[in-house]
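Notes for the one structure printed next.
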Amino acid sequence: MAKLKVGDLVCIPRRKNKGLGIVLKHVEDITKEIDAFKDDFWTTHEQMIKDGRGSSNLLFDLRKSARVHLLEASPERDLLEAYFQYNNTWCPKNKKSFIYIKWFKQPSYYENARSTEKEQWHPADWAKAM
Numbered sequence: 010m011a012k013l014k015v016g017d018l019v020c021i022p023r024r025k026n027k028g029l030g031i032v033l034k035h036v037e038d039i040t041k042e043i044d045a046f047k048d049d050f051w052t053t054h055e056q057m058i059k060d061g062r063g064s065s066n067l068l069f070d071l072r073k074s075a076r077v078h079l080l081e082a083s084p085e086r087d088l089l090e091a092y093f094q095y096n097n098t099w100c101p102k103n104k105k106s107f108i109y110i111k112w113f114k115q116p117s118y119y120e121n122a123r124s125t126e127k128e129q130w131h132p133a134d135w136a137k138a139m
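Everything in the sequence shown is counted per the working numbering, starting at 10 for the first residue and increasing by one.
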């Protein structure tokens, strides 16, 4: 798949109504570009999550405290919310590349209803250039 860049027309091919939009911003690796990911708090919690992978209560508490801390510490709140939405299980293969899309024709959710957001962040690997 070709790498997406700012200005590309894109769609979300996995949806019933694929939509049509333009890429306004592209973040290649969110963990390198957002300052909140560089502080000691995030590094410590990331290691604790790896060490305590088996305890669901511990993971829930760590996830919640890390999310609250990062959202409060960063001006890029909407990008961080998208990051946590698409990486809510703390799996080893987190989605780190995101694109900000302005929709001319919104894609559907997984059913027939169209999304209502005119502009939103999506994982870059979900979109396809037209």
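For glycine and all other residues, C-beta sits at the position ideal for the given N, C-alpha and C.
Short check: CB of L13 to CB of V36, under 8 Å? In the sequence shown, counting from the first residue as 1, residue 13 sits at position 4. In the sequence shown, counting from the first residue as 1, residue 36 sits at position 27. The answer is no: Cβ separation not under 8 Å.
What is the DSSP secondary structure of I39, reduced to helix, strand or coil? The residue labelled residue 39 in the question sits at position 30 within the sequence shown. DSSP places I39 in helix when its eight states are reduced to three.
Cβ-Cβ separation, A138 to L29 (assumed contact under 8 Å), whole Å: Position 20 of the sequence shown, counted from the first residue, corresponds to residue 29. Position 129 of the sequence shown, counted from the first residue, corresponds to residue 138. Actually they do not touch by this definition, with Cβ atoms about 11 Å apart.
Buried or exposed for Q94, please, with buried defined as at least 16 other CB atoms from any protein chain shown within 10 angstroms of its CB. What you label residue 94 is simply residue 85 of the sequence shown in a count that begins at 1. By the neighbour-count rule (16 or more Cβ atoms within 10 Å), Q94 is not buried but exposed.
Please report the Cβ distance between R24 and P132, rounded to the nearest whole angstrom; I am assuming they are in contact, meaning their Cβ atoms lie under 8 Å. Walking along the sequence shown from the start, residue 24 turns up at place 15. Walking along the sequence shown from the start, residue 132 turns up at place 123. Incorrect: roughly 13 Å between the Cβ atoms, too far for contact.
Which residue from I39, A75 and S74 puts its Cα closest to that of D92? One-based indexing of the sequence shown puts residue 92 at position 83. The sequence given here places Tyr at residue 92; Asp does not occur at that position. Cα-wise, what sits closest to Y92 is I39.
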